[in-house]
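Order-wise, the sequence lines are chains F and B.
The numbering used here applies: residue 128 is where the first sequence begins, and numbers increase by one.
The numbering used here applies: residue 128 is where the second sequence begins, and numbers increase by one.
The beta carbon of each residue, even a glycine, is placed where N, CA and C say it ideally should be.
Predicted model, so just to flag it, every value in this text is computed and none were measured.
Here the structure is laid out as structure tokens; the discussion comes afterwards.
2 protein chains.
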Amino acid sequence: MGRWEPNARGRLMQAAFALYAERGFEQTTVAEIADRAGLTERTFFRHFADKREVLFAGANALQELLVSTVTNASASLTPIDATTAGLQAAGALIQEGAQLAQQRQAIIAASVELQERELIKLATLAAALADALRQRGVEDPIARLTAETGIAVFKVAFERWVDAPGELELPSLIRESLGELRALTAGQ
Amino acid sequence: MGRWEPNARGRLMQAAFALYAERGFEQTTVAEIADRAGLTERTFFRHFADKREVLFAGANALQELLVSTVTNASASLTPIDATTAGLQAAGALIQEGAQLAQQRQAIIAASVELQERELIKLATLAAALADALRQRGVEDPIARLTAETGIAVFKVAFERWVDAPGELELPSLIRESLGELRALTAGQ
DNA sequence: AGAGCGATGACAGTGACTGCCATCAGCGTA
DNA sequence: TACGCTGATGGCAGTCACTGTCATCGCTCT
């Protein structure tokens with residue numbers, strides 16, 4: 128069995144997710160993940176670049192949604208407002224799979240290695256966001272600054288969303304955090 | 128030779144720095160670093176937690192300077208202004224060792240693994256900064272938001288500093304980037 | 001001279017990741 | 001029906017980062 132069972136990639140993701148949650152990321156070996164999925168270690172590395180990447184399969188879709196939302200936003204919007212629109216869309220996507228996102232975040236919170244990977248995914252997101260802003264005609268220092276600040280707001284809102292009892296929705300938290308940022312920087 | 132030569136840690140840092148610059152981070156083995164320093168691989172791992180950490184030895188001093196500056200800043204300063212004072216101090220410290228910092232950044236820019244480590248160091252910096260702000264009495268969502276935004280500004284300013292021909296000084300770039308952020312968020 | 005201590009060496013072991021080749025299922029084609 | 005092609009998988013050896021353990025060395029104090 129095993130060979131030619133459908134959806135090898137999905138089985139690997141599911142097995143990794145379960146094992147990381149049960150006994151932690153560092154305490155899980157790739158061989159164990161492959162075993163539970165009915166595959167071999169070698170095959171795991173054909174589907175995922177490394178042991179961490181299996182948790183970040185959805186990052187691409189998120190980035191594409193963010194970029195396309197910013198790109199297609201009304202040309203009359205300011206850079207920060209176009210960015211906000213993109214972040215709201217991304218937040219809504221995450222909100223859809225809320226339970227999965229929360230479990231995933233619990234796994235990541237327990238491992239420094241996984242946090243590193245999460246941070247570079249966010250940095251890649253910021254770079255793509257800056258690109259999208261440049262294509263709207265935003266000049267370069269401003270584009271990078273807006274993108275980095277936007278991701279910072281997103282990070283804080285996401286943290287609040289995860290910590291909260293689950294009543295607040297991510298898009299509202301993003302909007303709220305942005306308002307607080309406006310208040311913060313308004314002084315002087 | 129080798130054993131009991133003074134400054135083993137410094138020799139390891141120097142050897143690693145040189146080899147990473149010459150042939151790149153991934154193409155350098157820890158055994159090669161230890162060899163060049165006249166030591167063994169085992170000893171390398173007694174001085175540094177892993178192969179990447181050898182490049183981030185100065186991070187502690189930077190964090191302490193940032194935190195103490197924010198903590199000791201006049202109580203009348205707003206959160207964002209206290210943060211700015213801390214970032215300016217950190218920027219000045221980096222500016223002192225400008226050449227080293229530039230070389231280091233070139234090495235990091237060539238390796239995704241090293242970028243991951245750099246990002247988590249910045250995240251740790253943000254967390255420490257948020258702590259310092261809380262001790263000034265800043266409430267929690269605001270403290271985190273100010274810290275993350277401050278680090279975002281710092282990242283952009285640092286990038287500009289590295290890309291620039293070297294005429295502009297980091298503290299001025301930080302101030303300038305913060306001004307641009309104020310303009311960005313002022314709309315509406 | 002001897003005891004204690006901290007730094008280093010030596011060595012075996014685990015686990016992530018890679019390269020290479022063999023194998024198998026499904027598919028089209030003769 | 002037999003053949004060959006293709007893509008996914010298995011098997012295996014190898015490298016390298018990192019760890020645990022114990023022996024060894026130089027220094028210092030008595």
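Assigned secondary structure, residue 187 of chain F (DSSP; H/G/I helix, E/B strand, else coil): helix
Test: residue 181 of chain F CB closer than 7 angstroms to a CB of chain B: no
Other residues of its chain near residue 209 of chain B: CB distance less than 6 angstroms, five sequence neighbours each side excluded: 197, 200
Contact between the region 174–191 of chain B and the region 224–241 of chain B (3+ Cβ pairs under 8 angstroms): yes
Chain-ordered neighbours of residue 302 of chain F on chain B, where CB pairs are closer than 7 angstroms: Per Cβ cutoff of 7 angstroms: no residues; residue 302 of chain F is ~13 angstroms from chain B at best.
Where the alpha helix (DSSP H) containing residue 214 of chain F begins and where it ends: 206–223
Within-7 angstroms CB hit, residue 316 of chain B to chain F: An answer regarding residue 316 of chain B cannot be provided, because it is not within the stretch 128 to 315 covered by chain B.
Proximal residues of chain B, C-beta to C-beta of residue 312 of chain F below 7 angstroms: 207, 308, 309, 312
For residue 311 of chain B, the three-state DSSP class (helix, strand or coil): helix
Closer than 7 angstroms to chain B by CB, residue 283 of chain F: yes
Residue 274 of chain F classed as buried or exposed, judged by whether at least 16 other C-beta atoms fall within 10 angstroms: buried
DSSP-derived helix/strand/coil call for residue 280 of chain F: helix
Test item: CB-CB of residue 155 of chain F and residue 147 of chain F under 7 angstroms: yes
Check whether residue 250 of chain B and residue 246 of chain F have beta carbons under 7 angstroms apart: yes
Meets three-Cβ-pair contact criterion under 8 angstroms: the region 137–147 of chain F and the region 163–177 of chain F: yes
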